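Each remark here refers to the structure printed beneath this line.
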Amino acid sequence: MVGDWTDYAAPRADLGWYHEVGRRVAGLIPTKGRRGLDWFGRLSGALGPSPSMLRKAARFAALDPSEANMQALVAMRMDWTLLELPFSVGDEDQRHELLREALSLSKSGRAMRRG
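Below, the structure written as structure tokens:
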């Protein structure tokens, strides 16, 4: 999926990329002591993507840690924009149900705009 750190410079469209980035970034987050005020900002400067994207990708990997979870989201044809909306919902089943509803509404809205 993602090779070396240079593969992080520009976000890609697939959820697998975000999941892998999040998994690897989460592994870098200091577990003891403080990260410092701009830890994600400094990481962003080194890797390329915005601090916000790196933070959200790490949250994604924490909420849906398994490859099977991530593949279930891919099978739903979930996109990153919708995926990050229910990050505050801790329960996986509830979060995925909200994602299914958001995806359905998003598809309906696109169909209505096409007329």
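Position in the sequence shown (first residue = 1) + 223 = our numbering. Glycine included, every Cβ here is placed at the ideal spot set by N, Cα and C. Treat the numbers as computed from the prediction; the structure is a model and nothing was measured.
State buried or exposed for residue i, treating a residue as buried only when at least 16 other CB atoms are found within 10 Å of its CB.
| i | result |
| --- | --- |
| Ala236 | exposed |
| Arg246 | buried |
| Ala284 | buried |
| Pro253 | exposed |
| Met335 | The predicted model places Met335 with a pLDDT of 43, which falls under 50 and marks its position as unreliable, so this point remains unresolved. |
| Leu266 | buried |
Rounded to whole angstroms, how far is the Cβ of residue i from the Cβ of residue j, which I believe are closer than 8 angstroms?
| i | j | result |
| --- | --- | --- |
| Val244 | Ala280 | 5 angstroms |
| Phe263 | Leu251 | No, Phe263 and Leu251 are not in contact; Cβ-Cβ is about 10 angstroms, not under 8 angstroms. |
With distances taken Cα to Cα, identify the nearest neighbour of residue i among the options.
| i | options | result |
| --- | --- | --- |
| Met293 | Asp230, Ser273, Ala325 and Leu238 | Leu238 |
| Pro309 | His242, Arg282 and Glu290 | Arg282 |
| Met299 | Glu320, Val248, Asp314 and Ser289 | Glu320 |
| Leu270 | Asp314, Arg318, Asp230 and Asp316 | Asp230 |
| Pro234 | Ala249, Pro274, Trp262 and Ile252 | Pro274 |
| Leu286 | Ala249, Leu266 and Leu260 | Ala249 |
Using a threshold of 7 angstroms, state whether the C-beta atoms of residue i and residue j are closer than that.
| i | j | result |
| --- | --- | --- |
| Ala325 | Leu296 | no |
| Met301 | Leu328 | no |
Got a sec: does the ligand COA put a non-hydrogen atom nearer than 6 angstroms to the Cβ of residue i?
| i | result |
| --- | --- |
| Leu266 | This structure lacks the ligand COA; in fact it carries no ligand of any kind. |
For chain C, check one thing: does any of its Cβ atoms lie closer than 7 angstroms to the Cβ of residue i?
| i | result |
| --- | --- |
| Ala269 | In the structure shown, chain C does not exist; there is a single protein chain. |
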